[in-house]
Amino acid sequence: MIVSASAIFVSGFVGLLLTLLVETGGVSGSAQDPPTSGNDLVKVRVLSDVVTLLPNQPFTIAVEYTISPDWHIYWRNPGASGAAPVVDVTAPDGFQVGAVQFPRPRIFGAGADTTYGYDGTVLLMVPMTAPPTLPRDEVTITLELEWLVCKQMCLLGESRQTLRFPVAAPGREVTRNQRADRLIQAWQSRVPRSTVGSSAPSRFTAVVNPNDRLFLSGIAGAAKTAVYLPGGSPGVAPKLPGPIQGRILEGNFVFDIPLSVVPEDSLGEPLRANGVILLGTYERPRALQIDVPIPTPVPDEVDSEGSTASES
Amino acid sequence: MRITTLCSTFLLLSVLGWAGAPATAADALATQKASAATTAEVGKAAPAFTLMDTNGKPVSLSDFKGKTVVLEWFCPTCPYSGRASGKSIHSTGRVKNLVKEMKIADPDAVYLLIDSSTKKMGVSPEELAKKDAEVAKKLGITAPILIDADTSVAKAYGARTTPHVFVIDGAGVLRYQGAFDDQEADGTNYPLNAVKAIKTGAPVKPTYVRQWGCGVRTS
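Okay, structure coming up:
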């Protein structure tokens, strides 16, 4: 059953209110009343770290999913089956809408049937930036949400959420929602850290060698285990299914992963090895985002005698 | 009784050789073991099978030798498959569109559904066949739905989701496996592109796109 309600987040500044229209799915009724929709199994609410907006203001919108016990939703790469949650943001012209940030997932199942996702509660976050010019009174942002929730069977859920942000008067500071801000920061700490360019951790190496092997190494810290989850980039996949265990050697993690690289399966996208490294436990997480470009292979030159040239 | 016959033959007929049905039940079991060890791989011979459809009629891959065959893994309760929803490839008409376009490109091409949901749904093969027949009637599905009673065909093909799709050419070689489409309105239908490429002798591209949908349970 879908129940519409309103939730108001106030951050110590009475009068400036961010009204959230929240649809709650609630928990499935009873054993005699099996769920018929993903809305019966997943409660969603939308929140933001700000109550008001100013021009050029960066802020974050988050969707909190509260999932019924024993059921799960999926990571951006669901793995062998499933489907990633959809978070479609519609904002007025000029707003910058970033990519959905997915915290590190849990691993469900094993081997070729492994899937990646979340149970319990999870926040998916969308970084936003307001444009240089805002209307005088209010900004409305709409989110279209879809999710697949599975146990033995799978059900789809969907919801349309609306956020309304009063525009702060010129010269005033943005009002933050402290409670939502803390929650979002806590979940953002679980989003895999970028390892590209200046974001790369010290002593971090990620390279795909000419034999299509992905080599990864870096500081493991106190972590006793290191696991690589493929991100699902088209045309590139580890040759072994499921999560891949790395080695921990003298405080460093090391992966040497044979890849299957099939350019014709890339769907026109640049070939890249992407995924995440999970260090530590789900409760005490550290995760790194991996994104290594793979040069498009050039067909081997064939000499006049028909043999192929190769480097030694 | 047809149901009784259906139930017993489900146990005997599952994964059989490309050459056709074995002469005895012992042959059937022996062949099942041999074929179950085969794993579907693009560019290699697709695992052969013989399964019962919802009317109790045996259907073999070898029945369609010389024709392109599209296999779609099906589940009557999955919202991407047989449960009517805005995402179902059947209730949204995407399968009908594919079959229509496929028949234009290759009138001889064949579209088959395989349901391996006995373990997932905790039902008997005959209960699953009955449920599938009801769903087929409701959604206007005309393609045969084959019941993979012991899920051995799903294992042999590595079918992970409903819908997970496989395209097999007339020589019995698997040419594409993976997603049904890109889930975009007026988007790309990968098996249709594969059927067209096979018909014209062009290379099949892509040969694999990561499948999406509800999980197929084989254990």
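Keeping their order, the protein sequence lines are chains A and B. Under the working numbering, residues 718 to 1029 are what the first sequence spells out, in order. Under the working numbering, residues 164 to 382 are what the second sequence spells out, in order. Built from N, CA and C at the ideal position, the CB exists for glycine as well. Bear in mind the structure is a predicted one, so any value in this text is a computation, not a measurement.
Contacts that A/Gly-949 makes with chain B (C-beta to C-beta distance below 8 angstroms): Arg-373
Where the region 222-251 of chain B meets chain A: residues whose CB sits under 7 angstroms from a CB there: Thr-240, Cys-241, Pro-242, Ser-248 and Lys-250
CB-CB length for A/Thr-769 against A/Val-843, believed under 8 angstroms: Wrong, their Cβ atoms sit about 18 angstroms apart, outside the cutoff.
Proximity of B/Ile-310 and B/Leu-214 at Cβ, strictly below 8 angstroms: yes
Alpha carbons only, please: which of A/Asp-787, A/Pro-975, A/Arg-899 and A/Phe-970 is nearest the one belonging to A/Pro-955? A/Pro-975
Give a yes or no on contact between the region 1005-1015 of chain A and the region 923-931 of chain A, applying the rule of three or more CB pairs nearer than 8 angstroms. yes
Per DSSP, what kind of secondary structure is B/Lys-300 in: helix, strand or coil? helix
Closest Cβ-Cβ distance between A/Thr-859 and chain B: below 8 angstroms? no
Which one of B/Ser-223, B/Trp-236 and B/Ala-268 has the shortest CA to CA distance from B/Thr-281? B/Trp-236
Please state whether DSSP places B/Pro-416 in a helix, a strand or coil. Because chain B spans 164 through 382 in this model, residue 416 of chain B falls outside it and cannot be assessed.
Which of the three DSSP states, helix, strand or coil, is assigned to A/Met-857? In the sequence as presented, Met is not what sits at residue 857 of chain A; that position holds Thr. DSSP places A/Thr-857 in strand when its eight states are reduced to three.
Mind listing which residues of the region 309-339 of chain B have their C-beta closer than 9 angstroms to chain A's C-betas, in chain order? Gly-321, Arg-323, Thr-324, Thr-325 and His-327
Please report how far the alpha carbon of A/Pro-951 lies from the alpha carbon of A/Ala-886, in whole angstroms. 47 angstroms
Check whether the Cβ atoms of A/Val-979 and A/Gly-963 lie closer than 8 angstroms to each other. no
For B/Val-383, count neighbouring Cβ atoms within 10 angstroms of its own Cβ and tell me buried if that reaches 16, exposed if not. Here chain B comprises residues numbered 164 to 382, so residue 383 of chain B is not present and cannot be evaluated.
Could you tell me the boundaries of the beta strand (DSSP E) in which B/Ser-251 lies? It is not in any beta strand (DSSP E) - B/Ser-251 carries neither H nor E in the DSSP assignment.
What residue range is occupied by the uninterrupted alpha helix (DSSP H) comprising B/Val-262? 257-268
Can you give the Cα-Cα distance for A/Gly-815 and A/Ser-977, rounded to whole angstroms? 30 angstroms
Exposed or buried, what is A/Gln-902 when buried is set at 16 or more other beta-carbons lying within 10 Å of its beta-carbon? exposed
Minimum Cβ-Cβ distance from B/Lys-354 to chain A less than 8 angstroms: The sequence given here places Pro at residue 354 of chain B; Lys does not occur at that position. Closer than 8 angstroms: no.
Can you look up A/Ile-1011 in the DSSP assignment and give me helix, strand or coil? coil
Mark A/Ser-916 as exposed unless 16 or more other C-beta atoms lie within 10 angstroms of its C-beta, in which case mark it buried. exposed
Per DSSP, cross-strand counterpart(s) of B/Asp-278: B/Phe-237 and B/Ile-310
Going by CA-CA distance only, name the one from B/Gly-249, B/Gly-206, B/Pro-242 and B/Asp-226 that's closest to B/Glu-347. B/Gly-249
I'd like the span of the beta strand (DSSP E) that includes A/Lys-760, first residue to last. 759-765
Whose Cβ in chain B lies nearer than 7 angstroms to the Cβ of A/Gln-869? Lys-283
Contact belief for A/Tyr-999 with A/Arg-762 at Cβ below 8 angstroms, rounded distance in angstroms: Their Cβ separation, rounded to whole angstroms, is 22 angstroms, which puts A/Tyr-999 and A/Arg-762 out of contact at 8 angstroms.
Whole angstroms are fine: how far does the CA of B/Ser-244 sit from the CA of B/Glu-290? 18 angstroms
So does the region 254-273 of chain B actually touch the region 860-871 of chain A, counting three or more Cβ pairs closer than 8 angstroms? no
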